[in-house]
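Under the UniProt record's numbering, the first residue of the sequence shown carries the number 1, and numbering increases by one thereafter.
For glycine and all other residues, C-beta sits at the position ideal for the given N, C-alpha and C.
What follows is one structure encoded as structure tokens, with my remarks underneath.
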Amino acid sequence: MIQTLVATLMWALVASLLVFRRKRADRSVTYAAIAIAIAMTLNVDAIYTAIDPLLGETNIATLVADALLMTGLFFLGRGVMHTGHYRPQLVRVAVSLPILLVSLAAITVAFFFIDHGETTTRFMADLGDQLATAVYSIINFVYCGVVIATMMVLATRQHRSSTGIQRLPAALLTLGSAFGVALCLAVIVMDIAHVTGQLDLMYAVQPAYGPLSLLTFGFLCAGFTAQPVVRLAQHHARRRRTAALAAGLEPVWERATRVRPGLSQAEPLAAQADDPDGRLHRKIVEIRDAMIDGRVTFTISDDERALLQAAERHLLGEQDTETEPGRGGDDDTAQADEECPA
């Protein structure tokens, strides 16, 4: 049941990323979501028992699923790293391709030392008392834990450096990563307890596995889904504010172009209907030109000057709290293309 819920969450994330991130140049997060979704789907009992016989009925499907999970986390870590400027050497090493390849090679070698038996949906429960199985699982979850811990560091830093609604995706990713680290530690403890015969300890930790899995993937999926949604909301909010500022400057701009005709006479602003920032910039430039042209007489009031300055700050992406006509600045947003964590 847990694996089915996790797989459903991952495919929902894939669908949302394909909708909201289809125009992004960096597709690391999308590749990661697809790989992890396939891995989680392979772990669903009904699908596992259908796939593994096709691979020889020796639980090879477990190795395939775990390799996909590690590869997905690699792309996930890369995606988070690429969204910020904080990339210390340790972070770059943790999510580097050589570390992934070495880890994949290590679990593959360890896997073939395991007495696989026949297809079982309880791989670790049935075979976890073997040393090779414990080594296999520990390598897998040490790698996953290191990558997730790296993501947590990056998301935490991004949360501190962000403001307003931009902090939400980072907060969700930080929580998901924290639960993920706890999940990896719990699995490693269970592996060690199982292979050393400390079954009481294993049974004591085991109940945490399901909730930690749901919390990890739930918060990570929410965080990565929130990123493009927040950007889209900011983009629309910025366009609305741009339109409001342009409308507020309209009377000033009309007076300015009457005394000093500008480029708008040759290229009407209506031609820029699909570029609200360009329209607003044109108005600002023509108003400023009229203000500094000594050949014409053109003055503006203090309120109009404040509105003009607010429009200039808006185009520069600066926060402003005073100047949108008829309202405060709570809806002001950062530039539409600014990235949240990953």
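Nearest to residue i (by Cα), restricted to the options the options
i      : options                           : result
Leu185 : Pro228, Arg167, Phe224 and Asn140 : Asn140
Gly79  : Ala67, Ala155 and Asp66           : Ala155
Ala311 : Arg92, Arg240 and Ala226          : Arg240
Ile51  : Phe74, Asp275, Thr121 and Thr30   : Thr121
Leu5   : Asp45, Arg255 and Val296          : Asp45
Leu175 : Arg27, Leu220 and Thr297          : Leu220
Phe123 : Met70, Tyr48, Trp11 and Cys144    : Tyr48
Pro88  : Thr150, Gly145 and Ala244         : Thr150
Gln158 : Ala193, Met202, Asp126 and His82  : His82
Arg295 : Val259, Pro98, Gln227 and Met70   : Val259
Ser137 : Ala290, Ala67 and Arg167          : Ala67
Phe224 : Ala7, Met1 and Phe20              : Phe20
Leu199 : Ala125, Glu304, Met291 and Arg27  : Ala125
Leu17  : Arg238, Ala226 and Thr196         : Ala226
Thr196 : Met1, Gln130, Leu316 and Arg305   : Gln130
Cβ shell of residue i (< 8 Å), same chain only, five flanking positions each side left out
i      : result
Pro53  : Thr119
Ile287 : Leu249, Val252, Trp253, Ala256, Ile300 and Leu308
Ala35  : Leu68, Leu69, Thr71, Gly72 and Phe75
7 Å Cβ shell around residue i - same chain, five flanking residues per side excluded
i           : result
Ala132      : Ala110, Phe113 and Ile114
Ala182      : Leu212
residue 357 : This structure cannot settle anything about residue 357, because the visible part of the chain is limited to 1 through 342.
Ala208      : Ala186
Met190      : Met202, Val205 and Gln206
Met70       : Leu100, Ser103, Leu104, Asn140, Tyr143 and Cys144
Ala7        : Ala37, Met40, Thr41 and Val44
Lys283      : Ala246, Leu249 and Trp253
Arg152      : For the sequence presented, residue 152 should be read as Met rather than Arg. Excluding positions up to five away in sequence, the list reads Thr174, Ser177, Ala178 and Val181.
Whole-Å CB distance - residue i paired with residue j, under 8 Å assumed
i      : j      : result
Leu172 : Ala222 : 5 Å
Leu9   : Gly218 : 6 Å
Leu55  : Ala33  : About 24 Å; that fails the 8 Å criterion.
Gly145 : His194 : About 18 Å; that fails the 8 Å criterion.
His314 : Leu201 : About 59 Å; that fails the 8 Å criterion.
Val230 : Pro169 : 6 Å
Thr242 : Asp289 : In fact, because the Cβ distance is near 20 Å, the residues do not count as touching under 8 Å.
Ala134 : Ile60  : Going by Cβ atoms, the distance from Ala134 to Ile60 rounds to 19 Å, so no, they are not a contact pair.
Contacts around residue i, its chain only, beta-carbon distance under 6 Å, and the 5 residues preceding and following it disregarded
i      : result
Asn43  : Gln3 and Ala65
Phe179 : Leu212, Leu215 and Thr216
Thr58  : His116
Leu76  : Ala32
Ile107 : Tyr136, Ile139 and Asn140
Which runs of the alpha helix (DSSP H) at least 4 residues long sit entirely within the stretch 127-180? Give them in chain order. Those alpha helix (DSSP H) runs which fall completely within the stretch 127-180 and span 4+ residues are 131-161.
Can you give, in chain order, each stretch of the alpha helix (DSSP H) that sits fully within the stretch 206-282 and has at least 4 residues? Taking only runs of at least 4 residues, the alpha helix (DSSP H) segments lying wholly in the stretch 206-282 are 209-259.
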